[in-house]
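Its first residue numbered 389, the sequence shown is counted upward by one per residue in our numbering.
Yeah, the Cβ is synthetic: ideal placement off N, Cα and C, and Gly gets one too.
First the structure, in the form of structure tokens, and then the observations on it.
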Amino acid sequence: MRYLLFLAPRLRRSLAWAAVAPCILWLVSGFYAHAATPAPSVSHPTAAATSDTGAAKPISVQDVLACATEDQQRVDQAKRLVAAPDPTNRLQRGLDDIARPVDAKVQNTTAGTLPELPVMRLESLARHWDFDSRRFDRWQAQARRALAPYADSAVQLAQRRAAWSATRAAGVLGELPPALSGRIDTLIAQIDETQKLLGAELERQNALMQRASDLQARIQTNGNEVAAAIDDQDRRLLHLDAPPLWQGLGSSAGYQAAVDAMERGMLVEQQYAVDYHAAGSGNQQALRVIQLALLPLVLWLVMRSRHARASAGETEREPDRVTRALRRPVSAWLLLSMLAVIGLEPDAPLLVQEAAMLIALVPVLRLLPSATLQALGIWPYIAVALYGLDRLGVALVADAALYRLFLLALNVLALVLTVGMLRRPRLDAHAHGRSLQRVTRSMAWVVLVLLAVALVSNVLGNVSLAGTLTSGVIDSGYMALLLYAGVAACLGIFRALLGQPEIASARFIRQHGPTLQAGFARLLMLGASFGWLVYTMDRLRLLRPSYEVGATVLAFGIDVGEVSIHLGDVLVFIVSAWLAFWVARAVQRLLRDELPNHGGLPRGVGNSIASLSYYGVLIVGLLVALSAAGFKVSQLTLVFGALGVGIGFGLQNVVNNFVSGLVLMVERPIQPGDVVETAGTTGSVRDIGLRATIIRSFDGADVVVPNGLLLSGNLTNWTMFDRSRRIELTVGVAYGSDPVRVLGVLNGAIQATAGVAAHPAPAALLNDCNDSALSFVVRVWTNDLSDLGNVRGELLARILASLDAAGISVPYKQMDVHLRTVPESMRAPLGSPPPDRMQGGDAPPIVARD
389 MRYLLFLAPR LRRSLAWAAV APCILWLVSG FYAHAATPAP SVSHPTAAAT
439 SDTGAAKPIS VQDVLACATE DQQRVDQAKR LVAAPDPTNR LQRGLDDIAR
489 PVDAKVQNTT AGTLPELPVM RLESLARHWD FDSRRFDRWQ AQARRALAPY
539 ADSAVQLAQR RAAWSATRAA GVLGELPPAL SGRIDTLIAQ IDETQKLLGA
589 ELERQNALMQ RASDLQARIQ TNGNEVAAAI DDQDRRLLHL DAPPLWQGLG
639 SSAGYQAAVD AMERGMLVEQ QYAVDYHAAG SGNQQALRVI QLALLPLVLW
689 LVMRSRHARA SAGETEREPD RVTRALRRPV SAWLLLSMLA VIGLEPDAPL
739 LVQEAAMLIA LVPVLRLLPS ATLQALGIWP YIAVALYGLD RLGVALVADA
789 ALYRLFLLAL NVLALVLTVG MLRRPRLDAH AHGRSLQRVT RSMAWVVLVL
839 LAVALVSNVL GNVSLAGTLT SGVIDSGYMA LLLYAGVAAC LGIFRALLGQ
889 PEIASARFIR QHGPTLQAGF ARLLMLGASF GWLVYTMDRL RLLRPSYEVG
939 ATVLAFGIDV GEVSIHLGDV LVFIVSAWLA FWVARAVQRL LRDELPNHGG
989 LPRGVGNSIA SLSYYGVLIV GLLVALSAAG FKVSQLTLVF GALGVGIGFG
1039 LQNVVNNFVS GLVLMVERPI QPGDVVETAG TTGSVRDIGL RATIIRSFDG
1089 ADVVVPNGLL LSGNLTNWTM FDRSRRIELT VGVAYGSDPV RVLGVLNGAI
1139 QATAGVAAHP APAALLNDCN DSALSFVVRV WTNDLSDLGN VRGELLARIL
1189 ASLDAAGISV PYKQMDVHLR TVPESMRAPL GSPPPDRMQG GDAPPIVARD
């Protein structure tokens, strides 16, 4: 760790070397694979016919002319290939560019010196070898494309030469005319000459590929040695590597030797950085695009923000995050650019990543929200100062003994500052500030324990553990500030972007602007937390063993025949399925909010599109989840076959409801919100699914109605085209009332009732002459079905009040009651005849009228 100016390693692909071994075999025989495989037997006359033993068959007389013409074309094509610029020279230069840094690293580091290097230097070397392996893979792909035509031409000419030799040996050429026989002899001579030219080219290519094979073996071997050295360093992290501090500082290789070793390492790092940026990977191009597009965007937002504040007179104060991100555009651009370097180039040279983190020192402090600075006090400045001091010490202190003293002093300083932070009284702040203070104090206790362990380890003689813990804690704290400031800057830019008039005026932004900001903030915080956790585990040397243990656990599973189930595949499927479900719900919610209000779409189309899109995205997502888990999607044909058998035995209703759901979404006879009546249920439609529709009854119950029942039974939709509804009331008045006057009273009551539609026009009619009353009917319409009950009740109340005010009586129902036996106590009130008239038989009936 004392030989490099950078201490920010990332997770590398530790298993990538396992895929390199098959490429060595290809380098030996890849270009001649076609020669070892017999040519396919086809009916074309120019195909090289072979016997069962592999010997070429002679060409028949009738096919000689056609074969000669095509073979002449092959010869001409091979000659043009030989006359073209030789790709071997270009490939040789590319191979030299790869071999140069490989030779430099091999000279500076050998297998015997690897255990003596600090772990950060080993991490850097591992990145070097990974980069060389990727460069070699790209070179190998180019070599395949460039050299394959030479090998193919050589194989084809060899096959054709064998066929013509067999034809000559069979005496077929003696049967040809002299002119044609001479042409065949000339063709055979051209084939022999072209084979010699191709042989010379193939010899140079074979030598090049042999050298490439040796280089690949060196890259693989050295990469494996570095990985083994890192694992050994991690295993020895809990062992003493120096005498206790009271016995001395330990051995020292000498200041000048340490400086020379550091200079050699820096030269290798510089060359690695140059080669890395010259490679121009896709991540580097994406990084350049982001950096070039981010600066104009920030400057444009700054100008628009200043113009808006000047126009509004700054009456509305912008949030602190927006203010800091736009009032300090250069700092915002630098910080986000450096974060992009760290995030988009995890395999970049450590020198580049450390330079990015050092460049971001000042922007971090300038972009932290004022509320955060108020809640944390001076602690962010202390964290940044400790990070800079740690990097300065690594650069200046080259001797191991002096570095141990520097590490001890840095450890004590960080420990004292942490204790001071814990003893600092809490400041009054808002809710977010108090939450931040609680989290910071909790983390400070963890930091205090780690620093104490580092101090004890340094005193006892475990310098490697002390350096790992001290630098890991300091780097972790600085990375937390870096990510927090980056999140604040991103939120400020995003909020300012949504606040622009062109964007803020959109209906979607007006409706979902706060939701978008909250979701974007949660997404950024989740990504920042995950990145900080990975970085901290890496700096504390916990990432590699955790990755290995995790890979072992996820690889646990069962393999029975062609069935292979592993824990990692199950986890991938669960996460992928959850993401598919989340994306499908988000798409459905977005379409349901936007499409139903689109004026160009018929009613109900937006809801159908949203529902079908939900199921479409979900199905595609589940298929992707199955593929990601290692399941072959082509095997779903077996599932569909089993599903067909199941349909034949008992799933007819399920399929019927599924198809009916599709029909409901396409034809749209009902839509969510419609008031329907079906299967004895009346209510409003809440949701139309693929299997069933949910109807909310007016009593508050949710009724699940299968879609097949909706299509096969009677379905009444009260709001299919509009929400108008007719109200019909029957009113009876006493005989003797003037019908014209009654109709006038009824029409007056109708006109005085709110909610009665003017079109269709209301009507009051004499309907019937009943036994005890004149029957009138009142028919009116209301435009809103939801007001049906209110309009009906108000209209009925007004009719009764108007009839009463006009002196028109509403007759009661009349009923005759015949009593054949009357008790003595009730005869007097009912006016019964005297008892003497009732002797000698039953009493006559007494009639009472109501």
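Name the DSSP bridge partner or partners of residue i?
i: S1085; result: G1071
i: G945; result: H954
i: V1091; result: I1083
i: G482; result: Answer by DSSP bridge pairing: none, since G482 is not bridged.
i: I1187; result: In DSSP, I1187 forms no bridge with anything.
i: I1076; result: T1081
i: H900; result: DSSP output for H900 lists no bridge partner at all.
Do residue j and residue i come within 8 Å of each other at the CB atom, strictly closer than that value?
i: L586; j: V470; result: yes
i: L1117; j: L1183; result: yes
i: F1086; j: T1070; result: yes
i: Q905; j: L921; result: no
i: R927; j: S864; result: yes
i: L575; j: S569; result: no
i: A603; j: Y538; result: Before going further, note that residue 603 is Leu rather than Ala in the sequence given. Not a contact, by the Cβ cut-off of 8 Å.
i: T619; j: R929; result: The question names Thr, yet the displayed sequence has Asp at residue 619. No.
i: Q659; j: A487; result: no
i: Q583; j: L545; result: yes
i: V665; j: Q672; result: Checking the sequence shown, residue 665 turns out to be His, not Val. Result yes, Cβ atoms of H665 and Q672 sit closer than 8 Å.
i: L633; j: L853; result: no
i: A720; j: A728; result: no
i: G776; j: L749; result: yes
i: L453; j: Q530; result: no
i: V772; j: L798; result: no
i: R523; j: L637; result: no
i: R1264; j: I1083; result: No statement about residue 1264 is possible, as the shown extent of the chain runs from 389 to 1238 and does not include it.
i: R1074; j: L1173; result: no
i: N846; j: L628; result: no
i: L761; j: A884; result: no
Just checking my contact of residue i with residue j at CB under 8 Å: how many whole Å lie between their CB atoms?
i: N1105; j: A1080; result: The Cβ separation is near 17 Å, so there is no contact.
i: L502; j: V614; result: 7 Å
i: L723; j: P751; result: 4 Å
i: A1017; j: F961; result: 4 Å
i: L755; j: P717; result: Wrong, their Cβ atoms sit about 11 Å apart, outside the cutoff.
i: P1199; j: A1161; result: 5 Å
i: D520; j: V494; result: Not really, about 11 Å apart at Cβ, beyond 8 Å.
i: V1255; j: V1005; result: An answer regarding residue 1255 cannot be provided, because it is not within the stretch 389 to 1238 covered by the chain.
For the alpha helix (DSSP H) that residue i lies in, which residues bound it at each end?
i: W527; result: 507-557
i: L1103; result: Note, L1103: premise wrong, no alpha helix (DSSP H); beta strand (DSSP E) at 1103-1105.
i: W1169; result: No alpha helix (DSSP H) holds W1169; the beta strand (DSSP E) holding it covers 1162-1170.
i: A1017; result: It is not in any alpha helix (DSSP H) - A1017 carries neither H nor E in the DSSP assignment.
i: N850; result: Counting along the chain, N850 falls outside any alpha helix (DSSP H), and DSSP gives it neither H nor E.
i: S601; result: 566-623
i: R468; result: 452-471
i: L502; result: No alpha helix (DSSP H) contains L502, which DSSP labels as neither H nor E.
i: W1240; result: One cannot answer for residue 1240 here, as it falls past the ends of the chain, which runs 389 to 1238.
i: R811; result: 788-811
i: Q762; result: 758-764
i: L722; result: 717-732
i: P1127; result: 1127-1139
Starting from residue i, trace the beta strand (DSSP E) both ways and give me its first and last residue.
i: E1065; result: 1063-1066
i: N1155; result: 1151-1157
i: I1115; result: 1113-1121
Please indicate yes or no: does the CB of residue i lie closer than 7 Å to some heavy atom of the ligand GDP?
i: T609; result: This structure lacks the ligand GDP; in fact it carries no ligand of any kind.
Original post:
Does the segment 895-915 come close enough to the segment 733-750 to have 3 or more Cβ pairs within less than 8 Å?
Top reply: no
Original post:
Hey, is the segment 965-973 in contact with the segment 992-1011, meaning 3+ C-beta pairs nearer than 8 Å?
Top reply: yes
**OP:** Evaluate contact between the segment 1050-1058 and the segment 1088-1108, counting only Cβ atoms and requiring at least three cross-stretch pairs below 8 Å.
**Re:** yes
Subject >> the segment 1124-1137 touching the segment 1150-1170, judged by at least three CB pairs closer than 8 Å >> reply: yes
**OP:** Taking 8 Å as the threshold, find out whether the segment 444-454 comes into contact with the segment 547-560 through three or more Cβ pairs.
**Re:** yes
Original post:
Would you call the segment 871-880 and the segment 661-668 touching, i.e. three or more CB-CB distances under 8 Å?
Top reply: no
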